[in-house]
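The structure appears right after this line, and notes come after that.
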Amino acid sequence: MPVVTGVLPGREAGEVWLTSHLCHPRPGANDNASGAAALLGVAAALAERRGRDLDRSVRFVWGPEFLGVAALLHERFERFGRDGRPIAVINLDMVGEDPVQCGVPLVVERAPDWCPSIITPLAEHVVEEVFAQTSAHAGTWRAGPFYGFSDHALFANFTDPSSRSPAVQLWHPGDPFNHSAADSLDKVSAVELLRAITAGAVLAHVLASDGATPLLSVVQRWCDREGRAAAAVAQRFDADHGAWSRRLVDHVREQGTVLRALVDAGPAACPPHRPGRGTFVGRWAGPFNYRGLLAQLSVDDRDEVVALFLADKRNYAVLTHLAMLADGCGSRDEAFDAASLALRFPIDAAAARPLWSALLASGWLEEAG
Ligand SMILES: [Zn+2]
0 MPVVTGVLPG
10 REAGEVWLTS
20 HLCHPRPGAN
30 DNASGAAALL
40 GVAAALAERR
50 GRDLDRSVRF
60 VWGPEFLGVA
70 ALLHERFERF
80 GRDGRPIAVI
90 NLDMVGEDPV
100 QCGVPLVVER
110 APDWCPSIIT
120 PLAEHVVEEV
130 FAQTSAHAGT
140 WRAGPFYGFS
150 DHALFANFTD
160 PSSRSPAVQL
170 WHPGDPFNHS
180 AADSLDKVSA
190 VELLRAITAG
200 AVLAHVLASD
210 GATPLLSVVQ
220 RWCDREGRAA
230 AAVAQRFDAD
240 HGAWSRRLVD
250 HVREQGTVLR
260 ALVDAGPAAC
270 PPHRPGRGTF
280 VGRWAGPFNY
290 RGLLAQLSVD
300 DRDEVVALFL
310 ADKRNYAVLT
320 HLAMLADGCG
330 SRDEAFDAAS
340 LALRFPIDAA
350 AARPLWSALL
360 ASGWLEEAG
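Mapping of the sequence shown onto numbering that gives the first Met the number 0: residues 0 to 368, in sequence order.
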């Protein structure tokens, strides 16, 4: 399967990428013909404005999921070094789901905790506005933490912070027809697809433009809302996880401070990386790849990890969070806590312990000293 890319050139260096994977068995109308079609729609919308106001280039990427983006990133890192990475990424995967038949909201999957970016509040602001303007039609949206089940994960999960790009995804998790023969064209909603196209086009345009958007009010509003959401989560878990609940509220407040500090640096800025604690060191080249990790495990350990993924797909996100957050932590339990704050739920230590052991047993994570 080819990797196909097209670019709308901007005036200055730097590229915003929109990605959507082409693969999956037929029919695959929503996963992912809808994302591939949405990229064409975004390209058509932005091309009409061509030459007028793009400061940065916008690149469209279609290819096989994971492998295509990994190959493209590798090629660009070879040619341009770290300048080859995009300044920001929007992944569209399963974006056309008919809200009535599929019964699931559009989710804005946020940039991960280790790569915070105002791309997150911007994406939510844009999607909120798109749904407000189309409120006569069925459908809702919500924000969700970074899980990393699609191509956007490849941009965030480098051990080297200077290789990372902030990335968000629009998708419909929980689509009951996904990966089945019922993922057919009748499950695609034209309105929902237009919502994704509009949100993708506006977000790409904002990210590729310098100084045109009043970012501070968008970010401040997001921080206020996020603070209220964290308080609600904390209240829900307060009885059984009181100390965790208080840490969550503090964590979200600190995140807001980090994001507000980025506003003046433009929509695609990343905060300076906090130096690692030196207790744990990630030992993988390129983006984190759980299949590569599994291949390094004994059969018993691998079976245990795969059983955890099958029991709850979020355990895959827990594994990624432990791998990525370990270098800022001084102990295993600190890493569990950092992952649970990022994912917004107290993670089950009984599941996290074998995942942590797998990171060490595979040699992908090393305990220093
Ligand atoms: Zn997909």
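Virtual Cβ for every residue (Gly too), placed ideally from N, Cα, C.
Assigned secondary structure, residue i (DSSP; H/G/I helix, E/B strand, else coil)
i, result
"phenylalanine 176", "coil"
"asparagine 29", "helix"
"valine 232", "helix"
"asparagine 314", "helix"
"glycine 62", "strand"
"leucine 21", "coil"
"glutamate 47", "coil"
"tryptophan 283", "coil"
"arginine 141", "strand"
"alanine 203", "helix"
Spatial distance of residue i from residue j (CA atoms)
i, j, result
"leucine 105", "glycine 67", "25 Å"
"serine 162", "proline 111", "14 Å"
"arginine 48", "alanine 195", "19 Å"
"proline 24", "aspartate 239", "44 Å"
"arginine 286", "phenylalanine 157", "Residue 286 is actually proline in this sequence, not arginine. Proline 286 and phenylalanine 157: Cα-Cα distance of roughly 5 Å."
"alanine 69", "arginine 84", "11 Å"
"arginine 58", "leucine 192", "20 Å"
"phenylalanine 344", "alanine 325", "18 Å"
"alanine 306", "phenylalanine 176", "23 Å"
"alanine 198", "valine 15", "14 Å"
"alanine 367", "cysteine 328", "12 Å"
"leucine 293", "leucine 318", "11 Å"
"threonine 139", "asparagine 288", "32 Å"
"proline 130", "alanine 348", "Reading off the sequence shown, one finds phenylalanine at residue 130, where the question assumed proline. Straight-line Cα distance between these residues: approximately 38 Å."
"glutamine 254", "tryptophan 170", "24 Å"
"histidine 272", "methionine 0", "36 Å"
"tryptophan 61", "alanine 35", "7 Å"
"serine 297", "leucine 364", "16 Å"
"glutamine 295", "glutamate 64", "22 Å"
"arginine 245", "alanine 12", "43 Å"
"leucine 91", "serine 208", "20 Å"
When the options are compared against residue i, the one with the closest alpha-carbon
i, options, result
"alanine 115", "Ala367, Val262, Ser19", "The sequence given here places proline at residue 115; alanine does not occur at that position. It is Val262."
"glutamate 435", "Val88, Pro26, Val99", "With the chain covering only 0 through 368, there is no way to say anything about residue 435."
"aspartate 30", "Ser216, Leu214, Ala181, Ala230", "Ala181"
"valine 99", "Asn156, His20, Val167, Lys186", "Lys186"
"tryptophan 221", "Arg276, Ala44, Val257, Asp332", "Val257"
"valine 3", "Glu77, Asp150, Leu71", "Leu71"
"alanine 339", "Ala44, Val251, Asp302, Gly277", "Checking the displayed sequence, the identity of residue 339 turns out to be serine instead of alanine. Looking at the Cα atoms, Val251 is the closest of the given residues."
"alanine 233", "Val205, Leu342, Gln219", "Leu342"
"alanine 203", "Ile118, Cys269, Arg235", "Ile118"
"glutamate 303", "Pro353, Gly281, Gly173, Asp159", "Pro353"
"alanine 137", "Ser188, Arg313, His151", "Ser188"
Residue i burial status per 10 Å Cβ neighbour count (16 or more: buried)
i, result
"phenylalanine 79", "exposed"
"leucine 9", "Per the sequence shown, residue 9 should be read as glycine rather than leucine. Buried, because 16 or more other Cβ atoms sit within 10 Å of the Cβ of glycine 9."
"glutamate 74", "exposed"
"valine 103", "buried"
"proline 386", "Residue 386 cannot be examined here, being either before or after the span of the chain that is shown, 0 to 368."
"arginine 55", "buried"
"glutamine 132", "exposed"
"leucine 215", "exposed"
"glycine 27", "buried"
"alanine 43", "exposed"
"histidine 178", "exposed"
"proline 274", "exposed"
"serine 134", "exposed"
8 Å contact criterion, which residue i and residue j should meet: CB distance rounded
i, j, result
"valine 94", "serine 33", "5 Å"
"alanine 322", "leucine 358", "6 Å"
"histidine 20", "serine 149", "7 Å"
"alanine 201", "valine 125", "The question names alanine, but residue 201 is valine in the sequence shown. The Cβ separation is near 5 Å, so the contact holds."
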